[in-house]
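Q: Heads up, the sequence shown is in full-length UniProt numbering, so the first residue is 1 and it goes up one at a time. By construction, the Cβ of each residue, glycine as well, lies at the ideal position given by its N, Cα and C atoms. Have a look at this one before I ask anything.
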Amino acid sequence: MKLLPTALLLCASLLLVACASSPRQANIDYDRSVNFSQYQRFAFYQAAPAEGEEAAKPAYDPLLEQHFKTAISREMTALGYTLDETAPQLLVNYLTNVENRQDVRSSPFSVNTGFGFFGRNSAFSVGFPLYGGVEKVDYKVGSVLIEVIDASANRVIWQGMLEGRLSNKAMQQPQQAINDTVNLIFQRYPTRLVSQ
């Protein structure tokens with residue numbers, strides 16, 4: 001009879017551990033010789049067209065692109081930079097990728113137990129199946145890379161990347177997912193790290 005409360009306590013403990021897991025953190029790298037406080041103005045990087053080609057700019061601004069630019073502008077402004085497309089000192093570039101992935105999980109065997117009463121008799125059984133089950137789980141993984149480029153030197157001076165499994169909530173509310181992701185990446189920006 002004490003087995004059931006112990007099992008419930010174990011399940012509750014596992015649930016608490018899962019909920020208390022540490023938050024995701026972005027991977028960053030930057031040029032430690034650069035004084036990031038010397039910059040005041042930024043703009044978004046626009047790739048130059050290949051030689052002999054015209055710039056392939058769509059006639060519209062895709063919604064996801066608007067979400068990314070809004071989130072990045074908010075973070076750069078919070079860091080003290082001003083958006084200036086005419087004379088930027090920094091250029092911000094971002095790249096996104098979504099991959100389909102699959103986990104295959106198998107169990108070599110499983111143990112089944114049972115206990116029952118049949119009138120005056122009782123029975124106990126243990127079973128060992130010969131073959132375990134195989135389970136395939138399909139999911140999507142998204143990654144975001146943000147680069148900050150020194151416009152005059154034309155070189156990357158900071159980059160932050162975050163990768164994670166795309167939940168149904170993120171797919172249904174992409175603007176909030178983008179805001180959260182960009183915020184996490186910029187939490188480890190050099191001037192923010194110095195002020196902490």
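Apart from the five residues on each side of it in sequence, which residues of its chain come closer than 6 Å, Cβ to Cβ, to Val137?
A: Excluding sequence neighbours, Val137 sits near Asp103.
Q: On the three-state DSSP scale, how would you describe Ser73?
A: Helix, per DSSP.
Q: Should Val182 be labelled buried (16 or more other beta-carbon atoms within 10 Å of its own) or exposed?
A: Flag for Val182 reads buried.
Q: Could you tell me which of Asp180, Gln46, Ser167, Asn179 sits nearest to Leu91, measuring between CA atoms?
A: The shortest C-alpha separation from Leu91 is found at Gln46.
Q: From this set, Ala151, Lys169, Asp150, Asn97, which residue's C-alpha is nearest Val141's C-alpha?
A: Ranking the options by Cα distance to Val141, first place goes to Asn97.
Q: Is it buried or exposed, Pro190, if we count other Cβ atoms within 10 angstroms and call 16 or more buried?
A: Flag for Pro190 reads buried.
Q: By the three-class DSSP mapping on this structure, what secondary structure does Glu65 have?
A: In the structure shown, Glu65 sits in a helix (DSSP, three-state: H, G or I).
Q: Identify whether Ser24 lies in helix, strand or coil by the three-state DSSP scheme.
A: The question names Ser, yet the displayed sequence has Arg at residue 24. It is coil, neither helix nor strand.
Q: Shortest alpha-carbon distance to Lys169 belongs to which of Ala177, Arg24, Arg74?
A: When only C-alpha atoms are compared, the closest one is Ala177.
Q: Provide the residue(s) that pair with Asp103 in DSSP beta bridges, ordered along the chain.
A: Beta-bridge pairing links Asp103 to Val137.
Q: Contact defined as beta carbons within less than 8 Å: I believe Phe42 pairs with Tyr81. What is the distance between those atoms, to the nearest angstrom?
A: About 5 Å; that satisfies the 8 Å criterion.
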